[in-house]
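Numbering-wise (the numbering used here), the sequence shown opens with residue 2 and increments by one. Backbone N, C-alpha and C define an ideal beta-carbon position, used for all residues, glycine too. So the structure is just underneath, and the comments pick up after that.
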Amino acid sequence: MKRLISPQSLFFPNPVFVVGSYDADGRANAITLAWGGVASSNPPSISIAVRPSRYSYRNIMERKAFTINLPGIDQVKQADYFGLVSGKNV
Numbered sequence: 002m003k004r005l006i007s008p009q010s011l012f013f014p015n016p017v018f019v020v021g022s023y024d025a026d027g028r029a030n031a032i033t034l035a036w037g038g039v040a041s042s043n044p045p046s047i048s049i050a051v052r053p054s055r056y057s058y059r060n061i062m063e064r065k066a067f068t069i070n071l072p073g074i075d076q077v078k079q080a081d082y083f084g085l086v087s088g089k090n091v
């Protein structure tokens, strides 16, 4: 019997990524992302998805560099902060 599965996140709870970048003035910026995951094991690769309207998107595309951090349970407040506040306004 076939079962229709609607679009949804497959893993609960969803892991989050804190992605760091720098703007043109050298100011550090971080964004919290839930869209990402393992892209390949050989070579080891992680994929992320950043909406083009986000401040971090321009930083990443212009610098061609970023960091990916996987916060632990003890860093939930910090990860939440990066998801609520834009580096453009700090």
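Short of 7 Å in beta carbon distance, which residues of its chain neighbour residue i, apart from the five on each side in sequence? Order them along the chain.
{"i": "Val39", "result": "Ile47"}
{"i": "Leu71", "result": "Pro16 and Phe18"}
{"i": "Phe67", "result": "Val20, Gly21, Ser22 and Ile61"}
How about residue i and residue j: are their beta carbons less than 8 Å apart?
{"i": "Ile49", "j": "Ile69", "result": "yes"}
{"i": "Val51", "j": "Ser57", "result": "yes"}
Starting from residue i, follow the beta strand (DSSP E) in both directions and report where the run begins and ends.
{"i": "Ser48", "result": "Pro45 to Ile49"}
{"i": "Ser41", "result": "Gly37 to Ser42"}
{"i": "Gly21", "result": "Phe18 to Tyr23"}
Closest to residue i by CA distance: which of the options is it?
{"i": "Phe83", "options": "Pro53, Lys3, Arg4 and Val19", "result": "Val19"}
On the DSSP letters alone, give me the boundaries of the alpha helix (DSSP H) that residue i sits inside.
{"i": "Val91", "result": "Val91 -> no alpha helix (DSSP H), and no H or E assigned at all."}
Can you list, in chain order, the residues of its chain with a C-beta nearer than 6 Å to that of residue i? Leave out the 5 residues immediately preceding and following it.
{"i": "Lys89", "result": "Tyr56"}
Answer with yes or no whether the minimum CB distance from residue i to chain B is below 8 Å.
{"i": "Gly84", "result": "Among the protein chains of the structure shown there is no chain B, as only one such chain exists."}
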